[in-house]
Amino acid sequence: MSYAILLAAVISWGISNPLADLAITQFSPLFLSLIECGVGFLFLLIVTIIKRVRPNIPWRLTIPIGILQPGLAWLLGNTGYTHETASTGVLILTGETLFTVLLGMLWLGDRLSLTKWAFFILGFVGVYISSSTGIHEQSTSTAIYFVLSAATFGVYANVVRKYLGQYSATDLAVGQTFVATIFLGSFFLLSNQSIPTEAGSSIWVSAICSGLFGVGLPFVAFNYAIKALPGSTPGVFLNLIPISGVAASIVLGRGAPTWMQLIGGALVIVSAYVVSQANSVKQ
């Protein structure tokens with residue numbers, strides 16, 4: 043049962059990408075990010091209330107990392123979808139693991155073996171291939187926003203590792219999504235943007251489901267499943283996210299990857315898996 047729940051979480055994360063790509067056709071990146079973070083926060087809050095557990099949230103650090111992840115991370119990712127296909131976003135965002143390892147080496151003094159160094163470099167080659175060989179929906183490429191979004195996750199993951207390892211992941215998620223919602227909501231009001239009331243119901247449903255499938259449901263399911271599974275299992279399953287994301291992108295008509303992107307994506311997936319296997323060793 044735990045394996046099925048973990049698989050459902052991974053598929054949910056993958057599906058959220060083409061849903062966001064569909065919603066961005068009529069919503070601004072800022073408004074879509076606000077909906078996604080708000081929906082994720084409400085879902086996590088309801089789960090917390092049902093569990094009748096008061097979350098322990100270290101606000102001093104939760105505020106900045108909440109603004110960064112999911113706030114800026116989702117805003118950057120949705121900006122990328124304005125000119126790129128969902129498949130492009132999915133494949134580049136898989137490089138989050140590589141940025142996590144890179145910042146761990148620069149900031150926390152982690153070290154890699156020679157073999158992992160080779161795969162680490164190969165992974166960034168894959169990110170470059172995936173970002174530069176896609177089919178742009180307009181003449182201007184916005185793939186760099188996916189790279190920046192992946193980099194924000196690397197910062198977030200290392201902050202959690204260094205300072206917040208003793209806190210519940212669910213409690214942190216509740217705090218982060220709350221902060222992100224307030225941050226994006228304030229930004230939206232100050233930007234003088236209007237709510238796109240002319241958007242069709244399918245666009246609203248896509249935006250809401252993107253928040254539900256990308257933040258709410260998978261986070262709860264993932265944290266439930268990993269408690270009952272071997273430590274290496276979640277890492278293996280996480281590599282299925284780009285596969286489910288690309289498959290969902292094709293099914294929903296949000297753009298199939300090019301052959302070169304498939305090659306680049308494969309390099310990223312394999313490299314991220316190898317590097318993340320007990321990747322860091324302190325000197």
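If you read the sequence shown in the working numbering, its first letter stands for residue 43, the second for the next number, and so on. Each residue gets a CB set at the ideal place from its N, CA and C atoms; glycine is no exception. Just so you know, these numbers come straight off a predicted model, no measurement behind them.
Exposure of residue i, with buried meaning 16 or more beta-carbon neighbours within 10 Å
i	result
residue 158	buried
residue 301	exposed
residue 78	buried
residue 116	buried
residue 239	exposed
residue 295	exposed
residue 54	buried
Proximity winner among the options, relative to residue i (alpha-carbon distances)
i	options	result
residue 108	154, 214, 152, 130	214
residue 111	67, 196, 290, 100	196
residue 101	151, 219, 54	219
Rounded distance between the beta-carbons of residue j and residue i, thought under 8 Å
i	j	result
residue 127	residue 56	14 Å between Cβ atoms; not a contact.
residue 161	residue 313	4 Å
residue 172	residue 68	With a Cβ gap of about 26 Å, residue 172 and residue 68 do not count as contacting.
residue 222	residue 142	Going by Cβ atoms, the distance from residue 222 to residue 142 rounds to 19 Å, so no, they are not a contact pair.
residue 97	residue 201	Actually they are not in contact, since the Cβ atoms of residue 97 and residue 201 sit about 18 Å apart, beyond 8 Å.
residue 254	residue 81	6 Å
residue 70	residue 256	That pair is no contact at about 18 Å.
residue 212	residue 87	About 11 Å; that fails the 8 Å criterion.
residue 76	residue 227	6 Å
residue 113	residue 225	5 Å
Residues near residue i in its chain [Cβ-Cβ closer than 7 Å; skip 5 each side]
i	result
residue 205	103
residue 129	288, 291, 297, 298, 299, 303
residue 92	none
Spatial neighbours of residue i in its chain, beta-carbon cut-off 6 Å, leaving aside the 5 residues before and after
i	result
residue 168	306, 309, 310
residue 241	68
CB contact check: residue i to chain D, cutoff 8 Å
i	result
residue 121	Annotation note: the requested chain D is absent from the structure, which comprises a single protein chain.
Cβ neighbours of residue i in the same chain (closer than 8 Å, five flanking residues each side left out)
i	result
residue 73	230, 235, 237, 238
Measuring CB atoms only, is the stretch 111-129 touching the stretch 58-67, in the sense that at least three cross pairs come out at less than 8 Å?
yes
Discussion item. Three Cβ pairs or more, each shorter than 8 Å: is that satisfied between the stretch 184-193 and the stretch 137-148?
Written reply: yes
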